[in-house]
Structure formats: structure tokens, C-alpha cells
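In this text, residue positions in the sequence shown follow my numbering: the first is 11, and each later residue adds one.
The beta carbon of each residue, even a glycine, is placed where N, CA and C say it ideally should be.
Remember, predicted model here, so these are calculated numbers, not experimental data.
Notes to accompany the following structure.
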Amino acid sequence: MNRGVIMAVTALNVFRTQPGKLAEHLASSAEALGHLRRLGIQAMNVQAMAGSDIGTITTSIGCANNAAWAQMAQTVGGDPEWQAFWGRVSADPSAIQRSSHFATETELPNH
Numbered sequence: 011m012n013r014g015v016i017m018a019v020t021a022l023n024v025f026r027t028q029p030g031k032l033a034e035h036l037a038s039s040a041e042a043l044g045h046l047r048r049l050g051i052q053a054m055n056v057q058a059m060a061g062s063d064i065g066t067i068t069t070s071i072g073c074a075n076n077a078a079w080a081q082m083a084q085t086v087g088g089d090p091e092w093q094a095f096w097g098r099v100s101a102d103p104s105a106i107q108r109s110s111h112f113a114t115e116t117e118l119p120n121h
């Protein structure tokens, strides 16, 4: 492994839908995705259809490296439209954050 290269990173934020609030959760997830993409962020939402995460929607954000992730976090945190959105959906949440993960790409060892 070339330890001098900082590889791609992915942030995963998993939200569990509150009972009876799936429609609102889907709508707020789509709105969040719209804000992220408006800010030029590579993001996608996935809804668990099987396994232990049924009832969750995960937002995945990909960045080229740690520095790009830090810049993304500053961009989102400083955006007034994102702040207004987050304040609104947090006041009466349709989902509760279950977990968040920050992962880096791995390389296979040379054989």
C-alpha cells in the first residue's frame, strides 16, 4: 500500500424512520439530497429493503480525500439554506439518526 496517498473517503449517515412518518422522511431525505447536490457534493440516498437496517434511509457522501471532506463539511455547515432546512426538520423529526460512519477506501495487498 502506498501510505503517501490519501484515498477516497465516504461519510454514511443512517436515519431510522419514526413510526407513521415514512412519507415525511422520504421527502426530507430528498430535500437534503437536493441541498447537498446544489452545493456540488457527490451524495446519494439509499433505503434499506432487507436486513437489519429495514426502516432506515442512509445518506452517502463521497469525497476524494480527507481535505475534500473537511471542505465539504465547512461548505454545508456554512450554507444558510442548509441551516434553515436542518432547523426545520429537526424541530419535528420524521427520523432519528441511528449511526454515522466515516470510512476510507482500502487497497488489496500485492500478491
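Which two residues bound the contiguous alpha helix (DSSP H) that contains residue i?
| i | result |
| --- | --- |
| GLY1 | The question about residue 1 has no answer here: the residues shown for the chain are numbered 11 through 121. |
| ARG72 | According to the sequence provided, residue 72 is Gly. The question's Arg does not apply to it. Not the alpha helix (DSSP H): GLY72 falls in the beta strand (DSSP E), residues 66-73. |
| SER62 | Run containing SER62: none; DSSP gives neither H nor E here. |
| GLU34 | 32-48 |
Please state the DSSP three-state secondary structure of residue i.
| i | result |
| --- | --- |
| ALA53 | strand |
| SER104 | coil |
| MET11 | Unreliable placement is indicated for MET11, whose pLDDT of 44 sits below 50; the coordinate value is still reported in the next sentence. In the structure shown, MET11 sits in coil (DSSP, three-state: anything other than H, G, I, E or B). |
Report the CB separation of residue i from residue j in whole angstroms; it is logged as a contact under 8 angstroms.
| i | j | result |
| --- | --- | --- |
| VAL24 | ASN75 | Contact flag wrong, Cβ pair sits at about 23 angstroms. |
| TRP79 | HIS45 | Actually they do not touch by this definition, with Cβ atoms about 17 angstroms apart. |
| PHE95 | ALA21 | Not confirmed; about 18 angstroms, so no contact. |
Could you work out which residue in the options is closest to residue i when comparing CA atoms only?
| i | options | result |
| --- | --- | --- |
| ILE67 | GLY87, ALA80, GLY88 and ALA40 | ALA40 |
| SER100 | ALA42, ILE71 and SER62 | ALA42 |
| THR27 | ALA83, ALA77 and SER109 | SER109 |
| MET56 | GLY50, THR69 and PHE112 | Strictly speaking, residue 56 in this sequence is Val, with Met absent from that position. The shortest Cα separation from VAL56 among GLY50, THR69 and PHE112 belongs to THR69. |
| ILE51 | SER62, ALA37, THR85 and GLY61 | THR85 |
| ALA81 | LEU49, HIS111, PRO103 and LEU32 | Per the sequence shown, the amino acid found at residue 81 is Gln instead of Ala. Nearest of LEU49, HIS111, PRO103 and LEU32 to GLN81, Cα basis: LEU49. |
Taking the beta strand (DSSP E) that residue i belongs to, which residues open and close that run?
| i | result |
| --- | --- |
| ALA21 | 19-27 |
Count the other CB atoms, across all protein chains shown, that sit within 10 Å of the CB of residue i; report buried if there are 16 or more and exposed otherwise.
| i | result |
| --- | --- |
| HIS35 | buried |
| ALA53 | buried |
| ILE64 | exposed |
| ALA105 | buried |
| SER38 | buried |
| MET11 | With a pLDDT of 44 at MET11, under the threshold of 50, the modelled position of that residue is not reliable, and the figure given next carries that caveat. Answer is exposed; the Cβ neighbour count stays below 16. |
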